[in-house]
Amino acid sequence: MARGKGFPSLEKVSAAPLALKNGEIGITVKAVGSSPAITTVVMGGPGSGPHTATAIASGTAVATATALTHGTGTSTATALASGSSVGTATAHSYDAGDATATVNTYDSATAEAIAHAYDTAVATATANASSSAVIKAEAIAKGKEVITETQNGP
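So in the UniProt record's numbering, spot 109 of the sequence shown is number 109, and the numbers just go up one at a time.
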């Protein structure tokens, strides 16, 4: 887990998400501004598929990205937050599923995207929020389903 808070910046960048192979993880963390807070978590056991968490926060924003892979699937979580917003992205892949959660927040918005993919399913959740909106997108896919959920705030 990587966690950072403060100015001028905290940055850790590892393997590019598209270049990952089974069992590899990628973490990108960037905090810039007066007191941004970021949290990234990537988890997977031996033989698990690639998983990537990216959290970028600026201003006084809070960005949290969690990617968890159980099996040979792929999980990708990306949280981008600026201003005084809060963004949370959670992607969980089970078996050979492909889970992607993406959040973009601005101003004082709060957004959450949750994607769970089971079996060989594909789940994609995207939440975009600005102003003082509160947005949640959740996609849960099982079997061979392909589920996409997108929520956009004002």
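Positions of the beta carbon are idealized from the N, C-alpha and C atoms, including for glycine.
Every value quoted in this text rests on a predicted model; they were computed, and no experiment measured them.
- Residue pairing by DSSP puts S58 in a beta bridge opposite V32.
- By the criterion of a C-beta distance shorter than 7 Å, T126 is surrounded in its chain by T102, A113, A137 and T150, once the five residues flanking it on both sides are discounted.
- No Cβ-Cβ contact shorter than 9 Å links T40 with S75.
- Counted as a single uninterrupted DSSP element, the beta strand (DSSP E) harbouring G87 occupies residues V86 to D95.
- Residue pairing for T150: DSSP places it in a beta bridge opposite T126.
- By a beta-carbon distance limit of 8 Å, Y106 does not contact S132. Their separation comes to about 11 Å.
- Around the beta carbon of V62, 16 or more other beta carbons sit within 10 angstroms, so the residue counts as buried.
- Of the candidates A37, K30 and I135, the residue whose Cα lies closest to the Cα of T54 is K30.
- In terms of Cβ geometry, A89 and T78 form a close pair [threshold 9 Å].
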